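Trainee:
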Amino acid sequence: MKNPPIYEALVEKLVRVYEEGPNQSLGVFQNPVTAYTDQARLESEQRLLRSLPIPVAHVSQLRSPGSCLVHDALGVPLLITRNREGALRAMLNVCRHRGTRLLEDSGFCKVRKGFQCRYHGWVYDLDGTLDQIPREELFPSLDKTALNLRTLPVAERFGFIWVVATPAGEYDFDAFLDPLEPDLGPLNLENHVVFRRATTTARTNWKIVMEAFLDGYHVRHLHK
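Residue numbers (the numbering used here): -11 to 212.
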């Protein structure tokens, strides 16, 4: 999967800003309120985010075979697992028969062999392969190999598990993540473990949250 043009444009812009350094003319930028309230814009942003690698967990949270994560924060029902060989797999948390969720509750869990749909009992292994169909004789012409769980691009880098929440084949993770190596590589985050998890729910646009952490202008006053 080729990186979206908007990503390449952002990289080029960042390079120009870096090269111009403190001599660049910043001016004053006014962001319209619609950037945070326009529904069409939000849907466009969601499509963009689903087309790029997003960190969904730390590697210590999915360390052993059979460990899994149900993740819904991107608006896509994700199921991330480690198979018996320890390889990561990312799939849609949706049975291929009638679209029922395989695992209901979001969060981390542990399974022994695979996932069974609670509706008709279809069973998938940790790789997402359709393994068992109750009363399979009722489906004489069914090609089981065509009904494995939908897979998603997944990678393990800098101590995090990255997923592209769009089932579209391969993705060049190196092209996207290599520029982060100077900042994240020396931290050796893969040797860390998660000590505590906390979840905060807020009725706000996601950009407001991000900008609060990127805004250095408020630090001297608010955090004095």
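Each residue gets a CB set at the ideal place from its N, CA and C atoms; glycine is no exception.
As the structure is a computational prediction, the values presented were derived from the model and not from experiment.
Once you ignore the five residues that flank residue 82 on each side, which residues in its own chain have a CB closer than 8 Å to its CB?
Mentor: For residue 82, where only same-chain residues beyond five positions count, the Cβ hits under 8 Å are 65, 88, 89, 90, 137, 138.
Trainee: Do you know offhand how far residue 200's Cα is from residue 212's?
Mentor: Using only the alpha carbons, I get a separation of about 16 Å.
Trainee: Which residue from 47, 142, 43, 102 puts its Cα closest to that of residue 72?
Mentor: Among 47, 142, 43, 102, the Cα nearest to that of residue 72 belongs to 102.
Trainee: Per the DSSP calculation, residue 103 is bridged to which residue(s)?
Mentor: In the DSSP output, where bridge partners are listed per residue, residue 103 has 112.
Trainee: So, residue 45 versus residue 96, is the Cβ gap smaller than 9 Å?
Mentor: Contact flag set, yes.
Trainee: Just the C-alpha distance for residue 172 and residue 143, rounded to the nearest angstrom, thanks.
Mentor: Near 15 Å, if we compare the C-alpha coordinates of residue 143 and residue 172.
Trainee: Using DSSP with H/G/I as helix, E/B as strand and the rest coil, what is residue 17?
Mentor: If DSSP states are grouped into helix, strand and coil, residue 17 belongs with coil.
Trainee: Entirely within the stretch 153 to 191 and at least 4 residues each: give me those alpha helix (DSSP H) ranges in chain order.
Mentor: Here the runs fully enclosed are 161 to 165, 169 to 172.
Trainee: Quick check on residue 113: buried or exposed, where buried means 16 or more other Cβ atoms within 10 Å of its Cβ?
Mentor: Classification for residue 113: buried.
Trainee: In whole angstroms, give me the CA-to-CA distance for residue 86 and residue 92.
Mentor: Computed Cα separation, rounded: 15 Å.
Trainee: Determine whether the beta carbon atoms of residue 152 and residue 167 lie at a separation below 9 Å.
Mentor: No. Outside cutoff.
Trainee: Would a C-beta distance cut-off of 9 Å place residue 67 and residue 75 closer than the cut-off?
Mentor: No.
Trainee: Which whole-angstrom value is the C-beta distance of residue 38 and residue 55, which I expect to be below 8 Å?
Mentor: Between residue 55 and residue 38 the Cβ distance is about 24 Å, and since that is not below 8 Å, they are no contact.
Trainee: Would you mind reading off the limits of the alpha helix (DSSP H) that contains residue 196?
Mentor: Taken as a continuous stretch (DSSP letters only), the alpha helix (DSSP H) holding residue 196 covers 194 to 202.
Trainee: In chain order, what residues of the same chain have a beta carbon less than 8 Å from the beta carbon of residue 32, not counting five sequence neighbours either side?
Mentor: Nothing meets the Cβ criterion.
Trainee: With a CB to CB cut of under 7 Å and the five nearest residues on each side skipped, what residues in its chain are close to residue 182?
Mentor: Same-chain partners within the cutoff: 46, 48, 49.
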